[in-house]
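Notes follow the structure.
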Amino acid sequence: EAHKETLGFQTEVKQLLHLMIHSMYSNKEIFLRELISNASDASDKLRFEAIAKPELLEDQPDLAIRISHDETAKTLTIEDKGIGMTRDEVIENLGTIAKSGTAAFMQQLTGDQKKDASLIGQFGVGFYSAFIVADKVEVFTRRAGAAPEEGVRWESAGEGEFTIENVVKPERGTRIVLHLKSAESEFADGWRLRNVVKKYSDHISLPIELPKQHHGDEADKPTEVEWESVNRASALWTRPRTEIKDEEYQEFYKHVAHDFENPLSWSHNKVEGKLEYTSLLYVPGRAPFDLYQREAPRGLKLYVQRVFIMDDAEQFLPLYLRFIKGVVDSNDLSLNVSREILQKDPAIDSMKSALTKRVLDMLEKLAKKEPEKYATFWKAFGSVMKEGPAEDFANREKIAGLLRFASTNQSDDSEVVSLDSYIERMQEGQEKIYYLTGERYNQIKNSPHLEIFRKKNIEVLLMTDRIDEWLMSHLSEYQGKEFVDIARGDLDLGKLEGEEDKQAQEEAAKSKADLVKRVQDVLRDDLEEVRVSHRLTDSPAVLVINEDGMGLQMRKILEATGQ
Ligand code: ADP
Ligand code: MG
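Note that my numbering has the sequence shown beginning at 8, numbered continuously upward.
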């Protein structure tokens, strides 16, 4: 029997729907991209499952996606022959948002529709974007392999709830019917639809079919609908680079990354030889909301000989490059490859190091050729890149070249100084790269430790990111130049100090010996040692950490974790 029930959306879905309906207005046609993207994903999944169970294809191996409209009823229908959904899957997928951290994300929403619209873009709206143009959405679906009687019909007006019931659905897959709002009836027009579909589907590897348009005399119209494909229907990454337009790369990115905005850069490569594979890697323009969530999905979409195998294959890139999106299509792996196999396969390790190098090269190129875009990249992902030297010892010099810091050469705390530009500005006789860490920029930029450097016009990197001390504990030198924390131990400025400086220091030390002894006696319990210093020009005293002591930030982190 139909077993009809009405269920409430999860709170976060309600919030998302409300926000989307009211804020995505200027960008409403993206709903089609999302629905086509889902239909394509569902077909990919079916093709994958059918490797082990060919019977899932039934007598319908053709996976074209069909889009049609009804001008009088003001409806738009998207139909796929993909994997479909069971009743439970419908409730789970179209009633909740499963991503971890969603509730926390929703709390960041401000109520300011403009700001929220861009936040929501980084979250990804997917299926629910149908409600931007529709005031009622019906979904008819049947899981591949299930009986026709196990079809499911879902319906909602996009407010608080949805209804779900069983229906008979002879064809496998999913049909989505949008009942357009009266103001959106433009989408129930053949030419308009064709344009939008074409724009969003050329990179989709399946044919997207629309009813053939008939010109002139209505009487000529055949009774049987004729379908015609409007896209190229070949996997984008299999085509030669020179034939692919930027817009196509960008649209494909939005499909694989579930992002709304264009990527900053991409790298498309075909590798031949011992291992054969094609990769298409993208640098997104902004961080996803769950960048720092441990369980957040990451990794590339894996294909084997053009057959989709899995999303989020994390074995192909290191953790510090988890923000990279894209696909890798291997000719050597077996179609039965699993996550467990990927973990053990030595061929994957060599692909991982080659892909890592590709990403680092792409970032180097971006920094060199498009510094503004690189600055955007650094703002979004700089803190993640700083995990690199600790995780990827072999590439640490390359990663270090990509790092950006604040420094005394800047008038503000923006991280824009590269180590190469620091080295270019080094003073005559300077052999080391000096840095200072602390909790807040405003506090360290006036630190007494900097006095001697200001006086001698030596640049000092100013590091206030929580991860900076951890980073510096894994970087000892760059381009043969040692890093020196100026708040530690005896500061030896080497050749930067003239003979007179040294003599003056020795004299000062001698003449102040009594004072040092008195201070030492008074503060005996709190300090290890009192020294006469030459690092100050204006302040009378400064606290210094022992050469091998733990940094202040590290101390705080350990204290906070109760150690
Ligand atoms: P995403 O695509 O990012 O996972 P969506 O909101 O677009 O998020 O879709 C949510 C889920 O609903 C999908 O992950 C999928 O499981 C399911 N789904 C949506 N559309 C289809 C479809 N046409 N066929 C099968 N499952 C679908
Ligand atoms: Mg989707």
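Positions of the beta carbon are idealized from the N, C-alpha and C atoms, including for glycine.
Here the structure is a predicted model, which is why all the values come from computation and not from measurement.
Query                                                                                                                            : Result
Residues passing the C-beta test against the ligand MG heavy atoms, cut-off 7 angstroms                                          : E41, S44, N45, D48, G133, F134, H265
Three-state class that DSSP yields for M27 in the structure shown                                                                : helix
Residue burial classification, K11 (beta-carbon count within 10 angstroms, cutoff 16)                                            : exposed
Through-space distance from V159 to E172, alpha-carbon basis                                                                     : 6 angstroms
Cut-off 6 angstroms between Cβ atoms - residues of its own chain near I406, not counting five sequence neighbours on either side : G395, P396
Inter-residue spacing [alpha-carbon to alpha-carbon] between L271 and L370                                                       : 10 angstroms
Paired residues, beta bridge with L443 - DSSP                                                                                    : L469
Alpha-carbon spacing of R91 relative to P155, whole angstroms                                                                    : According to the sequence as given, residue 91 is Gly; it is not Arg. Spanning the two alpha carbons is a distance of roughly 12 angstroms.
Coil, strand or helix - G133 by DSSP                                                                                             : helix
Delimiting residues of the beta strand (DSSP E) encompassing Y284                                                                : 284–290
The ligand ADP heavy atom lying under 7 angstroms from the CB of T181                                                            : yes
8 angstroms Cβ cutoff met for I276 and R365                                                                                      : With the sequence shown as reference, residue 276 is identified as Asn, and Ile is not the correct amino acid for it. Taking 8 angstroms as the Cβ cut-off, N276 and R365 qualify as a contacting pair.
Span of the alpha helix (DSSP H), counted from its first residue to its last, around L409                                        : 403–409
Y448 vs E398 beta-carbon contact at 8 angstroms                                                                                  : no
I493 and L443 closer than 8 angstroms at C-beta                                                                                  : yes
C-alpha gap between S125 and N34, whole angstroms                                                                                : 11 angstroms
CA nearest to the CA of S189, picked from S345, L83, R432                                                                        : L83
Proximity test, L101 beta-carbon vs the ligand ADP heavy atom, cut-off 7 angstroms                                               : yes
Nonlocal neighbours in the same chain, by C-beta distance under 6 angstroms from G165, ignoring five residues either side        : L24, F138
Contact between the stretch 283–301 and the stretch 138–149 (3+ Cβ pairs under 8 angstroms)                                      : no
Rounded separation between S50 and K122 - CA only                                                                                : 35 angstroms
Within 8 angstroms, strictly: CB atoms of I74 and I215                                                                           : yes
Three-pair Cβ contact test at 8 angstroms for the stretch 62–73 versus the stretch 335–346                                       : no
Buried/exposed call for H262, threshold 16 Cβ in 10 Å                                                                            : buried
Classification of T471 by the beta-carbon crowding that lies within 10 angstroms, buried from 16 upward                          : buried
Per-residue burial, L342 [other beta carbons within 10 Å of its own, 16 or more giving buried]                                   : exposed
Three-state class that DSSP yields for R150 in the structure shown                                                               : coil
Residue interval of the beta strand (DSSP E) (run including N100)                                                                : First-last for N100: 94–100, but that is the alpha helix (DSSP H), not the beta strand (DSSP E).
Beta-carbon spacing of F16, E168 below 8 angstroms                                                                               : yes
Whether A387 touches R293 by CB criterion (8 angstroms)                                                                          : yes
Stretch-stretch touch, CB-based, cutoff 8 angstroms, three pairs: the stretch 521–532 with the stretch 472–480                   : no
Delimiting residues of the beta strand (DSSP E) encompassing S75                                                                 : 72–77
Beta-carbon spacing of L217, V146 below 8 angstroms                                                                              : no
D148 versus V20 - alpha carbon distance                                                                                          : According to the sequence provided, residue 148 is Thr. The question's Asp does not apply to it. So the two alpha carbons sit approximately 21 angstroms from each other.
Supposed contact pair K332 and F264 - C-beta distance, whole angstroms, cut 8 angstroms                                          : According to the sequence as given, residue 264 is Ala; it is not Phe. The pair is a contact, with the Cβ atoms about 4 angstroms apart (cut-off 8 angstroms).
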